[in-house]
Amino acid sequence: MGKPFKSGYDVIIIGSGVGGLTAGALLSKAGLSVCILEKEPHVGGYLAGFRRKDFRFDTAIHWLNQCGPEGVAGKIFTILGKDHPVAIPQKKIRRYIGNHHDYLLTNNPEELKAAWIKEFPHEKKGIDRFFKAAKKIGAAFNEYSTVFRTEESMGFWERIKNKLPLIRFGSAFIPHLGYSGEEGITKGLNRYFKEKKLHDIFAADGDVIGCMVPIGWAYYGDFQSPPRGGGQVIPEWLSYLVRYYHNDVFTNCQVEKVLVEGSKATGVVFKQRGEEIQLKANHVIAACDVETLYNKMLPASVLSNKLRKQLEEADIYSSSLTISIALDCSPGQLGFSEELIHISSDSATIEEHSGGDPLKSEIVVLTPSLRDQSLAPEGCGTLTVFMPAYMAFKDGWHTTKDEHGNYVRNEDYRRLKNEIAEVLIDRLSKIIAPDLRSHILFYDVATPVTHWRYTGNKQGTMMGAKPGKENMKNKVARYRTPISNLLIGGQWAELGGGVPIAVKAGTNAALLVLQKENKKAFRLLADYMDAKITAEVFENSGLFHAYDNSWKPKPTPAERKKC
Numbered sequence: 004m005g006k007p008f009k010s011g012y013d014v015i016i017i018g019s020g021v022g023g024l025t026a027g028a029l030l031s032k033a034g035l036s037v038c039i040l041e042k043e044p045h046v047g048g049y050l051a052g053f054r055r056k057d058f059r060f061d062t063a064i065h066w067l068n069q070c071g072p073e074g075v076a077g078k079i080f081t082i083l084g085k086d087h088p089v090a091i092p093q094k095k096i097r098r099y100i101g102n103h104h105d106y107l108l109t110n111n112p113e114e115l116k117a118a119w120i121k122e123f124p125h126e127k128k129g130i131d132r133f134f135k136a137a138k139k140i141g142a143a144f145n146e147y148s149t150v151f152r153t154e155e156s157m158g159f160w161e162r163i164k165n166k167l168p169l170i171r172f173g174s175a176f177i178p179h180l181g182y183s184g185e186e187g188i189t190k191g192l193n194r195y196f197k198e199k200k201l202h203d204i205f206a207a208d209g210d211v212i213g214c215m216v217p218i219g220w221a222y223y224g225d226f227q228s229p230p231r232g233g234g235q236v237i238p239e240w241l242s243y244l245v246r247y248y249h250n251d252v253f254t255n256c257q258v259e260k261v262l263v264e265g266s267k268a269t270g271v272v273f274k275q276r277g278e279e280i281q282l283k284a285n286h287v288i289a290a291c292d293v294e295t296l297y298n299k300m301l302p303a304s305v306l307s308n309k310l311r312k313q314l315e316e317a318d319i320y321s322s323s324l325t326i327s328i329a330l331d332c333s334p335g336q337l338g339f340s341e342e343l344i345h346i347s348s349d350s351a352t353i354e355e356h357s358g359g360d361p362l363k364s365e366i367v368v369l370t371p372s373l374r375d376q377s378l379a380p381e382g383c384g385t386l387t388v389f390m391p392a393y394m395a396f397k398d399g400w401h402t403t404k405d406e407h408g409n410y411v412r413n414e415d416y417r418r419l420k421n422e423i424a425e426v427l428i429d430r431l432s433k434i435i436a437p438d439l440r441s442h443i444l445f446y447d448v449a450t451p452v453t454h455w456r457y458t459g460n461k462q463g464t465m466m467g468a469k470p471g472k473e474n475m476k477n478k479v480a481r482y483r484t485p486i487s488n489l490l491i492g493g494q495w496a497e498l499g500g501g502v503p504i505a506v507k508a509g510t511n512a513a514l515l516v517l518q519k520e521n522k523k524a525f526r527l528l529a530d531y532m533d534a535k536i537t538a539e540v541f542e543n544s545g546l547f548h549a550y551d552n553s554w555k556p557k558p559t560p561a562e563r564k565k566c
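In structure tokens, the structure reads:
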């Protein structure tokens, strides 16, 4: 028998991704009784990761940002506990490789700018302006942690006052809006330089803002590698915090229904190892796929046909085909370094770069074990290779569907994903590491179907809905639902994606619960989010329970074997 469920909770949270766990940790620290229900055997969602033999692999992280002391995630982790996993600042950030170029972006972008000016002196003025515009975007993101409280938690006058910092934040992006797609990005880049070789650097980017953001972040040192032990230690730490405050995190719990009485959420019904269980709660936070919530967990009448259609048609991020490779040597011996490698082709269109053809697709390569040697046994290493991918490719990756709408994998599915992996490995061998194949011990391939199975996210998307004009207009992202006391608290509460957005979503969901349950704690957290008080003032208030900083990360498989 495992730990028993309580008779009822203040808050039940569906999903143990970073958003759900952040909400759970904050509410636990505020003294509320919390239960987190996760359908998988492990917490973490896209950060759950996995282990093979003595290797540890992250499943989703390209890089981290906003995880420094003044970032969105960094600020919230600081008030949760001083023992939080520390993201490691990167010096070498991004390597752009194409048919005729190979450039490195570091935490000093002026070096890249100088290299471009030296090679293309006739474009000096435009290159200068391009980097200046990118730096302005970086400056906006550098202030992002002061504008991350949702207006849904604000009164009328607070919303009025909030407009000015939001306008300041958005002003860096406004000149570049609309420059997307094949023609749009060409037109947008032509405002700075017309040299085709410079355009080719961004052959796989979908819009001009996407070209500038990495450079902007680099100016402000906002690129981090995962903490020691991999990105998985972030959800492990958050889960520990929830349990530290005598609250519950249960895995293998598939929520099937949100209980509604009148127009108010009162709990959930879920299955754990075949047994149906009902739990009552004052609040429910859905930190899970939003369409699953509305289409499977709630009565159809809850959502208007208009909003349901807007959610169905929302523009979402791609999923990926991910190859996790174990090597019998360090990646450095094969020509790789610590930076993210971005490979594109000047002969492929933007659509072809994400269309699923492994000969034309862009490739993103990470070397996790060069950043963190604990992820692999001594003398060995890891590579992670990403290719953008969509669920619709090859009729759902040659899968079939059962009566419940689940994707059923078969031999055709396994053959297809491995064939694509082989082509990508061949391309890497030709472009960077001729001896790569002879050093591969094994590799594991994940597809959009894999990501859908383990996260439940629509079409296996890596980061939910994009921050585009239509999604903003349709208000696709929101915290409140038509059901009182039922909130969205994961990736779908916000546009955008990644760890900082998940932390933002979880924090705001917790804030909205506190707005009803504990006004003083709500005001304190709101003031901290608005940068009106420091972490020290927050900690000394006595409104949130103390924590003894007792968490210790689990040893990686390689570290356990060494012991």
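Numbering follows the numbering used here, with no gaps: position 72 of the sequence shown is 75. Idealized CB from N, CA, C, for every residue including glycine.
If you draw a straight line from the C-alpha of residue i to the C-alpha of residue j, how long is it?
i	j	result
lysine 555	arginine 54	19 Å
tyrosine 320	aspartate 438	34 Å
aspartate 318	tryptophan 495	12 Å
isoleucine 91	glutamate 316	37 Å
lysine 164	glutamate 154	11 Å
phenylalanine 396	leucine 517	43 Å
arginine 246	glutamate 41	14 Å
phenylalanine 172	cysteine 214	18 Å
lysine 127	isoleucine 16	53 Å
leucine 369	alanine 436	14 Å
glycine 493	glycine 467	10 Å
glutamate 278	alanine 449	30 Å
proline 217	glycine 224	10 Å
asparagine 110	isoleucine 344	15 Å
alanine 63	leucine 337	23 Å
serine 377	aspartate 551	26 Å
leucine 431	leucine 386	11 Å
lysine 558	lysine 56	For clarity, residue 558 is proline in the given sequence; the question names lysine instead. When rounded, the distance between both Cα atoms is 14 Å.
isoleucine 39	lysine 519	20 Å
valine 506	proline 124	43 Å
isoleucine 237	lysine 121	42 Å
glycine 27	asparagine 521	15 Å
alanine 538	lysine 85	11 Å
leucine 30	lysine 283	17 Å
tryptophan 160	lysine 535	16 Å
valine 46	threonine 458	10 Å
Excluding five sequence neighbours on each side, which residues of the same chain lie with their C-beta closer than 6 Å to the C-beta of residue i?
i	result
glycine 499	Pro470
proline 485	Val305
lysine 260	Val272, Met300
For residue i, which residues does DSSP report across the bridge?
i	result
threonine 109	Lys95
proline 302	Answer is none; proline 302 lacks a bridge partner.
glutamine 235	Paired residue(s): none; glutamine 235 is not in a bridge.
glutamate 278	Gln275
serine 322	Ala392
histidine 286	Val14
Excluding the 5 residues flanking residue i on each side, which residues of the same chain have their C-beta closer than 7 Å to its C-beta?
i	result
leucine 427	Ile326, Pro361, Ile366, Val388, Met390
leucine 546	Lys523, Ala524, Leu527
glycine 52	Arg59, Phe60, Asp61, Thr62, Gly233, Gly234, Gln235
arginine 132	Tyr195
histidine 548	Lys32, Gly34, Tyr248
serine 266	Ile486, Ser487
alanine 118	Tyr106
serine 544	Leu527
Report all residues from its chain with a CB closer than 8 Å to the CB of residue i; omit the five preceding and five following residues, and keep chain order.
i	result
valine 452	Met394, Gly399, Trp400, Thr402, Tyr410, Arg412, Tyr416, Gly463
histidine 65	Leu343, Val367, Leu369, Phe389
leucine 515	Thr153, Glu155, Ser156, Tyr482, Arg483, Leu490
The ligand HEM heavy atoms versus the CB of residue i: any closer than 6 Å?
i	result
glutamine 281	Absence of the ligand HEM from the depicted structure is noted, as is the absence of any ligand whatsoever, leaving it without description.
So that I know if they touch, is there some Cβ in chain B lying closer than 7 Å to that of residue i?
i	result
proline 238	Judged by its chain identifiers, the structure shown contains no chain B, having just a single protein chain.
Inset, instruction - Indicate whether the contact test is met: 3 or more Cβ pairs, each with one atom in the stretch 75-85 and one in the stretch 289-296, closer than 8 Å. - result: Contact between the stretch 75-85 and the stretch 289-296 is absent, because fewer than three Cβ pairs lie under 8 Å.
Inset, instruction - Please go through the stretch 17-54 and give each complete beta strand (DSSP E) segment of 3 or more residues, from N-terminal end onward. - result: Along the stretch 17-54, the beta strand (DSSP E) occurs as fully enclosed runs of 3 or more residues at 37-40, listed in sequence order.
Legend entry - At least three beta-carbon pairs within less than 8 Å, the stretch 234-253 to the stretch 24-35: In short, these stretches touch, since the Cβ pair count reaches three.
Inset, instruction - Counting only runs of 4+ residues fully inside the stretch 337-409, write out the alpha helix (DSSP H) ranges in chain order. - result: 353-356, 371-374, 397-400
Inset, instruction - State whether the stretch 173-183 contacts the stretch 206-222, with contact taken as three or more CB pairs (one from each stretch) at a distance under 8 Å. - result: yes
Inset, instruction - For the stretch 183-195 and the stretch 102-117, state whether three or more C-beta atom pairs, one from each stretch, are separated by less than 8 Å. - result: no
Inset, instruction - Check whether the stretch 330-340 touches the stretch 62-77, taking contact to mean three or more Cβ pairs, one atom from each stretch, closer than 8 Å. - result: no
Legend entry - Those runs of the alpha helix (DSSP H) which lie wholly inside the stretch 485-560 and span at least 4 residues: 502-520, 522-532, 538-543
Inset, instruction - At 4 residues or longer, and completely inside the stretch 171-203: list those alpha helix (DSSP H) runs for me, N to C. - result: 184-193, 199-203
Inset, instruction - Ignoring anything shorter than 4 residues or poking outside the stretch 206-253, list the alpha helix (DSSP H) runs there in chain order. - result: When DSSP assignments are scanned along the stretch 206-253, the uninterrupted stretches of alpha helix (DSSP H) that are 4 or more residues long and fall wholly within it turn out to be 211-222, 236-247.
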